[in-house]
Structures are given as C-alpha cells and as structure tokens.
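Novice: The listed protein sequences correspond, in order, to chains A and B. Using our numbering, the first residue of the first sequence is number 1, and each one after it goes up by one. Using our numbering, the first residue of the second sequence is number 1, and each one after it goes up by one. Think of the CB as a built atom: it goes at the ideal place given N, C-alpha and C, for glycine as much as any other residue. This one's a predicted model, so the numbers in the text were calculated from it and none came from an experiment. For reference, the structure I am asking about is given below.
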Amino acid sequence: MIASTEILIGNAPQPVQPYLARLNIQPAEIEFAAEADLNLDGATCSSFLIGTADRLFAITPSAATDEQVIGPIYVKSAERFRTFSAVGSAFFQVKVQGLFLDLVRFSNARREQFDRIATQLENRRKERPFVRGALTEPDSRLCPVCSLPLPGRRAACPRCAQEGGLLARAYGLLKRYRGRLVVLMVMMLTVVGLEFVPPILLGKVLVNQVLVPMQHGGWLIWLVAAIALAQFSGAFLNVLIGRTSTAIGTRVTFDLRRQLQEKLMDISVDFYDRTSVGSLMSRVLWDVEYFHGAVNQIAQGFLVNLLKIIGIGAVLFYLNWRLALLVMIPIPLVVVGTMFFWSYVYPRYFRVWDGQSKLAALLNGLLSGIRLVKAFAQEERERDRFSTMASDLRDSRRGLDMSMATFNPIMGYVFGLGGLIVWYAGGRQVLGETMKLGDLITFLSLIGMFYGPIQQLTMFSNWVTGFLSSCQRVFEILDVEPGIGDAAKPVPLPRMAGGVEFRNVTFGYDPYDPVIKDISFKIEPGQMIGIVGKSGSGKTTLMNLLCRFYDVQQGEIMIDGVDVRKLRRADIRRGVGLVLQEPFLFRSSIAANIAYGRPGAPPTAIMDAAKAAYAHEFIVRLPAAYDTRLGERGAGISGGERQRVSIARALLCDPTILILDEATSSVDTEAEQQIQQALGQLCKGRTTIAIAHRLSTLRGADKILVLDNGAIVEQGSHDELMKIDGGVYAKLVRIQTELTRIEQ
Amino acid sequence: MSEKEPSQTPPPVVTRETMARLSATGPRRLTPANCQIFEGTYSLLHCTVMGDQIYRGVFASLAFPVSQPDRFICLRYHGSDGKNKEIGLIEDLNVFDAAAQGLIRESLAKHYYEQRIKRIVKITFKFGLLFFEVETERGREQFTMAWQVDRAQDYGEGGKVLLDTFENRFIIPDVRELPARDRVRLQRFIYW
Chain A
1 MIASTEILIG NAPQPVQPYL ARLNIQPAEI EFAAEADLNL DGATCSSFLI
51 GTADRLFAIT PSAATDEQVI GPIYVKSAER FRTFSAVGSA FFQVKVQGLF
101 LDLVRFSNAR REQFDRIATQ LENRRKERPF VRGALTEPDS RLCPVCSLPL
151 PGRRAACPRC AQEGGLLARA YGLLKRYRGR LVVLMVMMLT VVGLEFVPPI
201 LLGKVLVNQV LVPMQHGGWL IWLVAAIALA QFSGAFLNVL IGRTSTAIGT
251 RVTFDLRRQL QEKLMDISVD FYDRTSVGSL MSRVLWDVEY FHGAVNQIAQ
301 GFLVNLLKII GIGAVLFYLN WRLALLVMIP IPLVVVGTMF FWSYVYPRYF
351 RVWDGQSKLA ALLNGLLSGI RLVKAFAQEE RERDRFSTMA SDLRDSRRGL
401 DMSMATFNPI MGYVFGLGGL IVWYAGGRQV LGETMKLGDL ITFLSLIGMF
451 YGPIQQLTMF SNWVTGFLSS CQRVFEILDV EPGIGDAAKP VPLPRMAGGV
501 EFRNVTFGYD PYDPVIKDIS FKIEPGQMIG IVGKSGSGKT TLMNLLCRFY
551 DVQQGEIMID GVDVRKLRRA DIRRGVGLVL QEPFLFRSSI AANIAYGRPG
601 APPTAIMDAA KAAYAHEFIV RLPAAYDTRL GERGAGISGG ERQRVSIARA
651 LLCDPTILIL DEATSSVDTE AEQQIQQALG QLCKGRTTIA IAHRLSTLRG
701 ADKILVLDNG AIVEQGSHDE LMKIDGGVYA KLVRIQTELT RIEQ
Chain B
1 MSEKEPSQTP PPVVTRETMA RLSATGPRRL TPANCQIFEG TYSLLHCTVM
51 GDQIYRGVFA SLAFPVSQPD RFICLRYHGS DGKNKEIGLI EDLNVFDAAA
101 QGLIRESLAK HYYEQRIKRI VKITFKFGLL FFEVETERGR EQFTMAWQVD
151 RAQDYGEGGK VLLDTFENRF IIPDVRELPA RDRVRLQRFI YW
C-alpha cells in the first residue's frame with residue numbers, strides 16, 4: 001500500500017499544499033491531515049482529508065479537475081461524521097441534509113486512523129473537547145516497538161515476544177525434563193557405539209583373522225559371544241530408550257494439554273467469537289502430539305543421525321578412502337530426491353489431516369443434528385455429503401500412500417546402486433589383493449548404516465516445518481492475552497450488596513460499530529429491573545458487560561459503587577448468577593449439574609435448590625433420580641426441565657445479582673408457569689435483571705428499560721410506560737396482548 | 001465404499017404456489033415496473049418505488065456475491081438512525097435500462113473492494129505470520145496474514161478469501177485453477 005498511515009497534526013502534506021493555497025487556507029489553520037490510499041472509485045491512489053478548526057476538505061489530486069476538492073464541510077453544520085464499512089474498504093462520511101456523503105475511501109489498513117478522526121469531529125460537533133492527542137495514538141494493529149502487523153488487535157508482538165524463536169520456546173516446554181533427556185541421549189550414543197561392534201568384529205576380526213587365514217579357531221566362540229552381547233546390550237538399551245521417550249513424551253503432551261485447557265478457560269469470551277471450536281480442539285488434541293514426536297526426534301532424530309553419519313563416514317574413510325569416495329556417489333541423488341519428494345509430498349499430508357478433521361466435523365454435526373436431518377428427510381443428501389467428503393479423504397490418502405509407495409523402492413534402488421558400486425570396486429580390490437575380504441564385508445555392512453541417517457536428515461527439515469507449525473498453533477493459544485484480567489490491586493468485595501450502575505457505557509464487538517451507545521442507568525440493591533427491546537437492540541450485550549465477559553470501550557459499569565474492572569473476576573462470578581435462554585447442561589448426573597457452581601455441595605442443599613426451582617418432583621420420578629446421567633447438552637429431559645435444573649444451579653450459588661436472559665422464552669406455557677414460580681423463589685431478596693420477550697413476566701418489575709438500537713429509549717414502571725403516548729413499550733404490550741388473544 | 005449412488009427419492013421441489021406464498025412475505029422485488037433508479041442530489045444514487053417513496057443515498061449489495069455475482073442485488077439506504085435498511089431486491093439487473101444498470105454496477109463496484117490473486121509468488125513464514133507476495137489484477141502486492149484458520153476462509157466451492165492483518169480481502173476464486181507450483185506453495189500453509 002502507498003502513503004503514510006500517520007495523521008499529520010498542524011501540517012499538510014506537500015501534494016495538497018497548492019490546493020490549500022488556492023482555497024486560501026493558511027498553513028497555521030490546518031489542524032490535521034490524513035492520507036487515504038484509495039480514491040472514491042476504489043483505484044489505488046492518495047487522497048487527503050484536511051481539517052481546520054471549523055471546516056473539512058477532501059482532496060484527491062489525481063481526480064478529474066472538477067472532482068479534486070470536496071468541501072468545505074462546516075463541522076458545526078454537519079449532522080454526523082462516521083466511517084462506513086463496505087466489503088474490503090471503508091468510507092469517511094459526513095451526513096448533510098439527511099444524506100451520508102462519501103468524502104474519502106480507504107483500505108482497512110487506514111480504518112483505525114479515520115475512525116479516530118470521526119470520533120473527534122463528532123466531539124467537536126457536539127461541543128465536547130476535541131482531543132488532538134487521540135488522533136496520533138499508535139495503531140493498535142501494529143507493534144509499537146517494531147511496527148510488525150499484529151495477529152490481533154493489541155495482541156503480543158510475535159517478533160518482540162519471541163525470545164529465540166519457536167524452537168527455543170518449544171525447548172522451554174521440555175526443559176523440566178532436561179535430566180531425563182540427557183540420560184536418553186547418553187543411551188542413544190551408547191547404542192550408536194554398539195552398532196559399530198558387529199560389522200567391525202565380523203569383517204576385520206572374524207573374516208580377516210579367523211576364517212580366511214584359518215587360524216585362532218578358539219576366538220570364534222568369543223567373537224560370536226561379543227557380537228551377541230553387543231546386540232543384546234543394544235536391544236536392552238533400545239527398550240529403555242523407547243520406554244523413557246514414551247514416558248517423557250506422554251508427560252509433555254499431558255502437561256501441555258493441561259496448560260492449554262487452563263488457558264482456554266482463562267481467555268475472554270470474545271476470543272471464542274472469532275475462533276472456531278474445531279480449530280481449538282485440533283490444537284489441543286493433535287498439535288500437542290507433535291511434542292511427543294519432538295522427544296523422539298531428540299532421542300532418535302537429528303543429533304543421533306548426524307553422529308552416525310560422522311562416525312560411520314570416518315570409519316569408512318579409515319577403512320578405505322577410495323571406496324569411501326565411491327560410497328558418496330549416490331548421496332547427492334538421495335538428498336535431491338528426498339528434498340524434492342518431501343516438498344511435493346508434504347502438502348499432501350496437510351490435505352489428509354484437513355480431510356480427516358473435516359470429516360470428523362461433518363460427522364459431529366450430522367450426529368448432533370440427527371433429529372433435524374430426519375425431520376427434513378435429508379438422509380440421502382447427508383449420505384451424499386458424507387460420501388463426497390469420505391471420497392476426498394480417500395483420494396488424498398491414496399495420493400499420499402502411492403507417493404510413499406513409489407518413493408521408498410526408488411530410494412532403496414539408489415542405495416542398492418551404492419552397494420553395487422562398492423561390490424564392484426571393492427571386489428576388484430579384493431581380487432587384486434589390495435583389500436581384504438573382511439574389510440569389504442565390514443564396508444558393505446557400514447554403508448547400509450550410513451545411507452539411512454542421510455535420508456532421515458533430509459526429511460528432518462520437513463519434520464521441523466511441521467513441528468514449527470504445530471508449535472505456532474499451540475503458542476498462538478498460550479500467547480493470547482487473557483483480555484479480561486484482574487486489576488493489579490483489585491478492590492475486595494467479599495459480600496455484594498447488589499447495587500448496579502451503568503455510566504455512559506459504549507461498547508461494540510467491532511470497536512468501529514458500537515452496539516451499546518452511551519447508556520446510563522442505576523439499579524438499587526434488591527430491585528427487579530426488566531429489559532425489553534427488539535432482537536439485536538443490545539439487551540444481552542448489556543448483561544455480557546455486567547458479567548465482565550467483555551470490557552466497555554467508554555464509560556463505567558459499577559457494582560456497589562466500584563468499577564467492575566477494579567473488582568476481582570472471582571468476586572464478580574461469585575456474586576452474579578446467570579440463567580440463560582438455552583440452559584447448558586453437561587454430560588453428567590443431574591446432581592452434578594445442579595452443583596456445577598458449588599462442587600461438593602451436600603445432597604440436601606442440591607435437593608433444596610431443586611425443590612425451590614420446582615425441579616425436585618420431576619427429578620425424583622426418574623428411575624435414577626438425582627443420579628440420572630444426562631446426555632450431551634442435557635439430552636434425556638425436556639426443555640422446561642432443563643431450564644428448571646439450570647435455575648436450581650443458580651439458586652445453589654445464591655448470587656446477589658441475578659440475570660435472567662430470556663429464561664422462559666423457549667418453553668411451553670405450562671412449563672413457563674412452573675419456571676415463573678421457580679424464578680419467583682430465585683429472585684427473592686436479590687437484585688434481578690430480567691431480559692424478556694414475554695412482557696407479562698415483567699409487570700412486577702420496579703423499573704423497565706426499553707432498548708432500541710443500543711440506546712435506552714424509555715424507562716419507568718409498567719404503568720408509567722403504558723401511559724406514554726405512542727411509546728415503544730406500550731406498543732409492544734398491545735401487540736403481545738393481541739397475539740395472546742388470537743392464540744386463545 | 002461404493003461411488004455415489006443414484007438417489008432413491010427425488011429431492012423435494014419448491015412449487016410455484018409455495019414460491020408465490022413465500023414471495024409475499026419475502027424481500028420486495030424491484031423491477032422497472034415498480035422502481036425507478038436515477039442519480040439525484042449530490043450525485044447519489046436515488047430510487048423511487050411506486051406506491052412508496054423516494055429513497056436517497058441508495059447503495060447496492062449482492063445477496064449471493066460468490067455464487068450469483070450478477071443477480072439478486074439488494075438496494076439499501078441509510079436510515080435516519082444511521083443503520084442501513086433494505087428497500088428491495090432486484091432479481092435480474094438486465095431487465096432495467098442501460099442507465100439504471102450502469103448506476104447499479106457503479107454502486108456495486110464501490111461496495112466491494114477485493115483483490116483477486118492470480119499468482120502466488122512467494123510465501124514466507126515468520127513469527128507466526130505469513131508474508132505473501134502475490135500477483136493481483138492490480139499488479140504485484142504484498143500483505144501479511146496471521147497464520148490462523150479464521151484468516152483463510154472458504155470462498156465458494158473451491159476458493160479462499162485471505163484476510164490480512166488489517167482485514168483487507170484477497171480472493172483466490174478457485175485454488176484448483178492456480179498454477180500447480182503456486183497451489184503447492186499455498187497449500188503448504190493454507191491446507192484447510
């Protein structure tokens with residue numbers, strides 16, 4: 001991309017200066033200048049947004065003469081400034097006479113800069129302070145130290161955070177097993193040494209000094225015994241090596257999985273909004289396995305192979321340097337062939353892995369949604385879909401296996417050529433009596449041991465690539481900032497009173513597109529507040545903010561007069577209870593599900609909570625009662641029953657602030673009545689915030705907030721809101737009353 | 001496993017009656033008979049819908065940008081609350097006159113800014129980031145992408161959309177149509 005992303009303060013770039021002179025704008029008048037990288041038609045070129053204390057100009061030097069300057073736009077007379085996202089680019093817009101006009105267009109790389117300008121111009125338009133410093137804040141998508149693009153907004157810089165690269169970090173994970181790894185390597189080196197014994201004893205001693213000269217017949221038994229002992233020792237050490245590396249490998253993977261799981265529990269909710277569960281699962285399940293492989297590589301991989309090559313190579317040259325040179329002939333062929341093969345075949349591995357994970361995901365979705373498939377009679381189609389994906393996997397697996405099946409015999413043949421060369425050249429030397437037969441046999445035994453490690457080493461770079469990619473995926477999770485962390489010195493709040501206050505809260509999942517806009521309200525301890533509004537009006541977002549699943553971008557949320565960002569998350573979680581529209585029950589017993597927030601709760605407390613939640617009766621009627629095992633997501637009981645179990649779970653936690661997010665909207669009328677009764681129990685003596693579509697459930701609320709498009713448009717008691725002529729709430733109540741009458 | 005077998009039961013067909021019933025509650029269809037498209041105040045796209053009103057500051061977007069890029073165009077406008085709202089749906093732009101077609105196509109071109117990748121020249125992996133050097137319709141481009149699954153999404157049947165660290169979009173319409181070496185280069189990293 002061209003052009004600087006910096007916003008110039010009190011200055012204008014050279015290309016626009018002639019235009020400013022023509023517009024009679026003095027350099028001292030210029031407050032800011034920002035450069036966009038596209039013109040309004042989307043062509044790559046520079047255009048500029050120039051601001052003075054009261055006016056705005058868009059200047060595109062490369063445009064047609066009559067379109068080079070848009071403006072002046074008088075800030076005070078504009079109705080709004082904003083950035084508007086299209087697909088892949090965005091526009092800086094001003095609203096004039098009810099119409100949004102595009103002033104400049106830019107790629108998403110400039111979005112943050114122009115968004116800051118829009119915010120400050122809005123401040124000026126509303127006669128709030130224009131903060132110049134806010135325009136020059138560092139881009140949150142670039143590392144402030146090295147300017148490397150960050151993998152996520154305000155994420156840790158991978159270059160600055162990486163001390164010594166991925167391999168060093170991977171070693172860091174293995175460091176606690178350093179002692180065992182050293183033992184492992186010592187054993188491996190001993191095995192390498194022992195592998196030299198049989199060929200040397202066989203060729204140089206047994207053949208040259210016993211069999212060919214037909215003397216030292218008594219040595220035979222001792223030589224065979226020595227070879228057997230060397231082989232036995234090697235085998236014994238190999239058993240130890242295998243067991244040790246397995247023990248270390250499984251521990252490493254176990255530790256790493258535990259670390260990942262802990263991290264996943266700690267990461268803020270917005271991470272899960274942008275990351276697929278499948279990809280996280282594959283990291284915890286499969287990428288971690290690479291670390292097991294890493295232990296094997298240390299035990300049997302790079303270093304050992306290198307030592308073998310050096311050691312065997314030295315022996316070969318020591319035995320016969322001319323013949324050793326001939327042994328080297330196939331090496332370039334093997335190296336080039338292996339490297340070519342792996343660069344060709346490695347992507348095929350990825351395709352197989354990808355095929356496997358896609359097939360697993362398809363099967364998971366299919367089996368989870370089996371009722372839907374049957375209800376829509378789509379068995380045939382699902383069979384076809386599965387068949388297509390299974391065929392893809394079959395094809396990619398076949399391609400991979402066929403490549404391997406072709407490569408291995410070819411490499412075997414090339415190695416065989418090496419052996420044949422040595423047989424021919426060495427045979428001539430034996431016939432010419434310049435070499436002993438035993439030396440030739442030793443030589444031939446050793447070249448088999450020489451080529452193997454070479455091939456292994458050529459594949460090592462590919463293994464490293466795969467390992468590094470797995471490391472990267474694993475570290476990507478380990479490096480995620482928890483996002484919502486505890487303050488350095490949190491304010492203790494051992495017992496909540498239940499007061500809640502929102503002060504000028506603004507928040508958006510996409511920071512450029514707020515869904516909660518400047519909201520303020522207050523709830524006294526013990527009050528019940530209802531929140532109503534259309535879907536997408538921001539009701540659930542408000543509650544997500546109160547639970548501190550996300551942090552506000554502007555304003556404050558207070559619990560008992562303390563900003564939630566200053567409270568310990570554990571205190572918030574303990575004091576705030578949540579009953580959701582879709583109760584999530586785990587695959588476990590009903591009792592364990594009720595006691596989820598209070599593990600170890602006594603059975604009597606579990607039953608009391610269930611009784612208060614009107615769940616006890618249906619539970620004890622089940623054959624295994626509280627010990628009934630529920631399936632995935634609570635399968636085995638009805639929707640209303642699941643909801644009452646979730647209410648019992650909330651009751652057992654005894655929260656001071658209770659959030660009911662559409663707790664009765666997914667059940668039938670009868671179940672709703674029972675749940676309402678249960679909720680009545682639950683709400684007693686607590687601050688309750690209820691989000692509801694069925695407005696009849698909020699009649700008893702102390703106050704009802706009506707949300708529309710992220711802002712509170714009405715608030716008051718039911719009776720007060722019903723008196724507002726043309727009010728949103730009154731209209732919603734009338735519609736629902738009418739619908740209920742029709743249903744009846 | 002046997003190859004794909006012929007279906008025993010024919011797939012359910014949406015009847016004309018069903019279509020008619022659904023269209024009554026679906027997006028309003030815009031045709032030359034009920035909609036006039038023209039350039040109005042501030043050179044913005046305007047449209048008049050018969051029996052409704054004049055919508056000013058209209059823009060067009062595609063309902064199926066990948067599978068049906070030439071059909072099913074939504075006309076939208078910015079409401080007084082700043083949110084964009086739908087006016088209606090043009091099923092086939094070709095039934096409109098050339099001037100209206102030109103205005104809509106201009107609006108669509110403004111709404112989408114995607115670089116189409118023709119060649120992948122080089123991919124370097126460093127610090128968990130992929131540094132791409134590609135050839136697009138606009139020439140040689142470089143961009144940086146986090147090596148994460150959600151940064152390379154499926155695009156149609158065989159394509160991919162790569163999102164760089166700033167969320168700029170780089171489209172590979174069909175990975176299978178890339179030159180073989182470029183495909184290998186890409187799939188070494190983007191294999192999902």
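(1) Using a Cβ cut-off of 9 angstroms, pull out every chain B residue sitting near R351(A), in sequence order please.
(2) For F57(A) and A134(A), what's the separation of their Cα atoms in angstroms?
(3) For chain E, is any of its Cβ atoms less than 8 angstroms away from the one on G102(B)?
(4) How do the segment 623-634 of chain A and the segment 561-572 of chain A stand: do at least 3 beta-carbon pairs fall below 8 angstroms, yes or no?
(5) What residues match up with F81(A) in a beta bridge as DSSP calls it?
(6) Since L705(A) sits in a beta bridge, which residues does DSSP pair it with?
(7) Quick check: the segment 81-92 of chain A against the segment 116-125 of chain A, are at least 3 beta-carbon pairs closer than 8 angstroms?
(8) Kindly list the residues whose CB is nearer than 7 angstroms to the CB of R116(B), restricted to its own chain and excluding five residues on each side of it in sequence; keep chain order.
(9) Give a yes or no on whether 8 angstroms exceeds the smallest Cβ distance from Y42(B) to chain A.
(10) What are the boundary residues of the beta strand (DSSP E) that K85(B) is part of?
(11) When the distance is taken between beta carbons, is Y55(B) closer than 8 angstroms to I90(B)?
(12) Quick one: Cα of T144(B) to Cα of C547(A), how far?
(13) May I ask you to check if the CB of A33(A) is nearer than 7 angstroms to at least one heavy atom of the ligand COA?
(14) Pick helix, strand or coil for E137(B), following the three-state DSSP scheme.
(15) Within a Cβ cutoff of 6 angstroms, which residues of the same chain sit near I531(A), ignoring the five residues on either side of it in sequence?
(16) Quick check on the burial criterion: 16 or more other C-beta atoms within 10 angstroms. Buried or exposed for M1(B)?
(17) Contact criterion: CB-CB distance below 8 angstroms. Does A20(B) meet it with respect to chain A?
(18) Using alpha carbons as the reference points, say which of A648(A), A63(A) and K308(A) lies closest to D608(A).
(19) Just to confirm the assignment, what range does the beta strand (DSSP E) spanning H46(B) have?
(20) Here's the rule I'm using: 16 or more other beta-carbon atoms within 10 Å means buried, otherwise exposed. How should Q187(B) be labelled?
(21) Which residues of chain A have a Cβ atom closer than 7 angstroms to the Cβ of D81(B), listed in chain order?
(22) Give me the subset of the segment 165-186 of chain B whose CB atoms are less than 8 angstroms from a CB atom of chain A, sorted by chain position.
(23) For D563(A), collect the residues of the same chain with a Cβ closer than 8 angstroms to its Cβ; drop the 5 residues on either side in sequence, then sort them by chain order.
(24) Would you identify the three-state DSSP class for C143(A), choosing helix, strand or coil?
(25) Just checking: is the beta-carbon of L129(B) within a distance shorter than 8 angstroms of some beta-carbon in chain A?
(26) Which residues of chain B have a Cβ atom closer than 7 angstroms to the Cβ of D354(A), listed in chain order?
(27) Closest Cβ-Cβ distance between S245(A) and chain B: below 8 angstroms?
(28) How many Å lie between R495(A) and I606(A) at the Cα?
(29) Near E133(B), which residues of its chain fall below 6 angstroms by C-beta distance, leaving aside the five closest residues on each side in sequence?
(30) Going along the chain, which residues of the segment 138-157 of chain B sit with their C-beta nearer than 7 angstroms to a C-beta in chain A?
(31) How many Å lie between Q356(A) and F125(B) at the Cα?
(32) A63(A) to F32(A), Cα distance in whole Å?
(33) Name the chain B residues that come within less than 7 angstroms of F92(A), Cβ to Cβ?
(34) Alpha carbon to alpha carbon, what distance is there between G448(A) and G416(A)?
(35) Evaluate the contact criterion for the segment 399-417 of chain A versus the segment 333-349 of chain A: three or more CB pairs, one atom per stretch, below 8 angstroms.
(36) On the criterion of 16 or more Cβ atoms from any shown chain inside 10 Å, does R371(A) qualify as buried, or is it exposed?
Specialist: Based on what the coordinates show:
(1) In the first sequence, residue 351(A) corresponds to position 351, counting from 1. What R351(A) touches in chain B: Q187 and Y191.
(2) Position 57 of the first sequence holds residue 57(A). Position 134 of the first sequence holds residue 134(A). One C-alpha to the other measures close to 20 angstroms.
(3) The structure shown contains no chain E; its protein chains are A and B.
(4) no
(5) Reading the first sequence from its first residue, position 81 is the one you call residue 81(A). Paired residue(s): V94(A).
(6) Residue mapping note: residue 705(A) aligns to position 705 of the first sequence, counting from 1. L705(A) is bridged to I531(A) and Q715(A).
(7) yes
(8) Counted from its first residue, the second sequence places residue 116(B) at position 116. Shown here for R116(B): same chain residues with a beta carbon closer than 7 angstroms to its own, the five before and five after excluded, namely T136, E137, I171 and P173 in chain order.
(9) Within the second sequence, residue 42(B) is the residue found at index 42, counting from 1. It does; some Cβ of chain A falls within 8 angstroms.
(10) By one-based count along the second sequence, residue 85(B) stands at place 85. Run containing K85(B): N84 to D92, per the beta strand (DSSP E) assignment.
(11) Sequence index remark: in the second sequence, residue 90(B) carries index 90 (1-based). Sequence index remark: in the second sequence, residue 55(B) carries index 55 (1-based). Not in contact: I90(B) and Y55(B) (Cβ atoms no closer than 8 angstroms).
(12) Position 144 of the second sequence, counted from the start, is the residue given in the question as residue 144(B). Position 547 of the first sequence, counted from the start, is the residue given in the question as residue 547(A). Cα to Cα, T144(B) sits roughly 35 angstroms from C547(A).
(13) In terms of ligand content, the structure shown is empty, and the ligand COA therefore cannot be addressed.
(14) Looking up residue 137(B) in the second sequence gives position 137. In the structure shown, E137(B) sits in coil (DSSP, three-state: anything other than H, G, I, E or B).
(15) Here the question's residue 531(A) lines up with position 531 in the first sequence. Result list for I531(A): K539, I691 and L705, in chain order.
(16) If you number the second sequence from 1, residue 1(B) lands on position 1. Unreliable placement is indicated for M1(B), whose pLDDT of 38 sits below 50; the coordinate value is still reported in the next sentence. Exposed, by the Cβ-count rule.
(17) Along the second sequence, one-based indexing puts residue 20(B) at 20. The beta carbon of A20(B) sits no closer than 8 angstroms to any beta carbon of chain A.
(18) For the purposes of this step, residue 608(A) is identified with residue 608 of the first sequence, where counting begins at 1. That would be A648(A), whose Cα lies nearest to the Cα of D608(A).
(19) Locating residue 46(B) in the second sequence gives position 46, where the first residue counts as 1. Taken as a continuous stretch (DSSP letters only), the beta strand (DSSP E) holding H46(B) covers L45 to V49.
(20) Within the second sequence, numbered from 1, the residue matching residue 187(B) stands at position 187. Counting Cβ neighbours within 10 Å, Q187(B) comes out buried, since at least 16 surround it.
(21) The count along the second sequence starts at 1 and reaches residue 81(B) at position 81. What D81(B) touches in chain A: N709.
(22) Cβ contacts with chain A come from T165, F166, E167, N168, R169 and V184.
(23) Here residue 563(A) refers to the residue found at position 563 when the first sequence is read from its first residue. Excluding residues within five positions, the ones whose Cβ falls inside 8 angstroms are E556 and I557.
(24) Locating residue 143(A) in the first sequence gives position 143, where the first residue counts as 1. DSSP places C143(A) in coil when its eight states are reduced to three.
(25) Translated into the one-based positions of the second sequence, residue 129(B) becomes position 129. Answer yes: the Cβ-Cβ gap between L129(B) and chain A drops below 8 angstroms somewhere.
(26) Counting from 1 along the first sequence, the entry for residue 354(A) is found at position 354. Correct list: Y191 and W192.
(27) Position 245 of the first sequence holds residue 245(A). Answer no: the Cβ-Cβ gap between S245(A) and chain B never drops below 8 angstroms.
(28) Numbered from its first residue, the first sequence carries residue 495(A) at position 495. Numbered from its first residue, the first sequence carries residue 606(A) at position 606. Whole-angstrom Cα-Cα distance: 22 angstroms.
(29) On the second sequence, position 133 is the one that residue 133(B) refers to. Cβ neighbours of E133(B) beyond the five flanking positions: V121, K122 and Q142.
(30) R138, T144, A146, W147, Q148, V149 and D150
(31) Within the first sequence, numbered from 1, the residue matching residue 356(A) stands at position 356. Within the second sequence, numbered from 1, the residue matching residue 125(B) stands at position 125. Cα to Cα, Q356(A) sits roughly 25 angstroms from F125(B).
(32) Reading the first sequence from its first residue, position 63 is the one you call residue 63(A). Reading the first sequence from its first residue, position 32 is the one you call residue 32(A). Whole-angstrom Cα-Cα distance: 22 angstroms.
(33) Mapped onto the first sequence, residue 92(A) falls at position 92. By Cβ distance, chain B contributes nothing, its closest Cβ being about 14 angstroms from F92(A), past 7 angstroms.
(34) By 1-based counting over the first sequence, the position of residue 416(A) is 416. By 1-based counting over the first sequence, the position of residue 448(A) is 448. G416(A) and G448(A): Cα-Cα distance of roughly 9 angstroms.
(35) yes
(36) As a first step, residue 371(A) is located in the first sequence; it is residue number 371 there, counting from the start. Classification for R371(A): exposed.
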